[in-house]
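Residue numbers (the working numbering): 116 to 434.
Below is one structure, written out as structure tokens; the observations come after it.
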Ligand SMILES: Nc1ncnc2c1ncn2[C@@H]1O[C@H](COP(=O)(O)OP(=O)(O)OP(=O)(O)O)[C@@H](O)[C@H]1O
Ligand SMILES: [Mg+2]
């Protein structure tokens with residue numbers, strides 16, 4: 116893990132909030148937003164970071180950028196301690212917070228970008244090259260002269276992603292970059308990120324509530340809940356952890372009573388000659404199919420995979 120590009124060891128963030136408890140009394144309470152998280156991300160990886168509302172995702176990202184100082188644990192990004200060397204780190208990372216813009220509200224995109232060029236002292240040729248690439252791939256050509264306040268959410272998000280990449284960061288943190296976007300904008304953004312990761316080798320940490328983002332972009336996903344890491348691995352592996360089920364859809368010759376006595380499967384629904392049998396996602400369908408074929412007049416069948424949404428929802432529920 117120490118060889119990794121991003122390293123978190125027992126990372127913690129505790130907030131102290133005052134809450135009213137009674138008419139005059141105020142109580143100090145601890146919120147353990149990040150409660151001992153450890154993981155490493157290798158250079159060039161693209162990792163999903165998901166979890167329910169309030170899980171601690173944004174807090175983690177804010178610590179990874181140096182905006183927030185950890186309450187405990189250790190943190191390194193490109194060998195840099197973010198809280199202690201925030202400015203040095205800023206040259207190596209890009210950040211997109213879907214919920215708010217880093218652009219200047221009253222300025223056209225082009226002017227915002229020019230300001231960033233000076234702030235980050237980006238060489239002119241490099242700046243022009245990066246801007247051109249983003250403008251082309253994110254279809255921003257007609258929007259460069261438009262003040263940010265007049266952009267739609269999807270346009271602004273594409274503008275923000277460009278802003279985060281003008282200085283060639285090694286790492287890109289994306290906190291809900293597709294929130295509120297329509298399907299076309301979402302797929303433009305996804306295609307862009309996938310291309311960025313493949314062609315520039317940019318390390319990407321992606322937070323989202325849209326699991327299609329993860330399915331299409333990330334081989335590895337981390338699930339956090341109540342500030343703790345619940346899962347770290349392949350998206351497919353979530354099925355086993357979440358104890359999800361696949362469904363066998365069986366068409367019989369005629370309407371029959373619910374199929375019974377098939378080991379490892381149970382009938383969950385019938386509709387005329389069609390019946391639905393649930394079985395563990397980790398099990399093979401073959402023995403179940405052959406047992407049904409032995410005892411019932413089988414005409415046709417298909418297997419349905421569990422929706423990843425259901426698996427995650429079950430996991431969040433369990434946590
Ligand atoms: N500045 C703060 N002061 C006090 N509590 C905070 C602060 N920022 C976050 N929290 C609390 O920390 C917890 C984690 O918040 P965080 O924003 O990291 O969640 P999240 O996983 O990003 O959720 P969401 O999916 O809703 O964006 C929440 O309970 C939140 O109320
Ligand atoms: Mg958040």
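Even for Gly, the Cβ is constructed at its ideal location relative to N, Cα and C.
Fair warning: this is a prediction, and the values are worked out from it, not measured in the lab.
What you get when you keep residues with a C-beta closer than 7 Å to any heavy atom of ligand 2 is 172, 173, 290, 291, 322. If you look at residue 403, you'll find it in the alpha helix (DSSP H) that goes 401-410. Rounded to whole angstroms, the Cβ separation of residue 215 and residue 193 is 25 Å, and the two are not in contact under 8 Å.
Spatial neighbours of residue 261 in its own chain (CB-CB distance under 7 Å, excluding positions within 5 residues in sequence) are listed in chain order as 223, 224. Annotation: residue 233 to residue 247 spans about 17 Å, alpha carbon to alpha carbon. Shown here, residue 155 sits in a strand according to DSSP, grouped into three states.
DSSP, read as helix, strand or coil, puts residue 257 in helix. As DSSP reads the structure, residue 128 sits in a beta bridge with 149.
Setting aside the 5 residues that flank it on each side, residue 335 is surrounded in the same chain by 162, each with a C-beta closer than 6 Å to its C-beta; the list follows chain order. Ligand 1 never approaches residue 151 closely enough for any of its heavy atoms to be under 6 Å from the residue's Cβ. When distances are taken from the beta-carbon of residue 130 to the heavy atoms of ligand 1, the shortest one is below 6 Å.
In the DSSP assignment, residue 390 falls within the unbroken beta strand (DSSP E) covering 389-395. Placement of the Cβ of residue 122 at a distance of 6 Å or more from every heavy atom of ligand 1 is found. In this chain, residue 364 is not harboured by any alpha helix (DSSP H); it is covered by the beta strand (DSSP E) spanning 360-367. Taken atom to atom, the span from the alpha-carbon of residue 388 to that of residue 350 is near 35 Å.
By the criterion of at least three beta-carbon pairs nearer than 8 Å, the region 338-346 is in contact with the region 168-183. When rounded, the separation of the alpha-carbon atoms in residue 386 and residue 419 is 17 Å. Contact check for residue 147 against residue 141 fails: the beta carbons are separated by 7 Å or more.
Rounded to whole angstroms, the Cβ separation of residue 277 and residue 253 is 6 Å, and the two are in contact under 8 Å. The DSSP-derived three-state label of residue 290 is strand.
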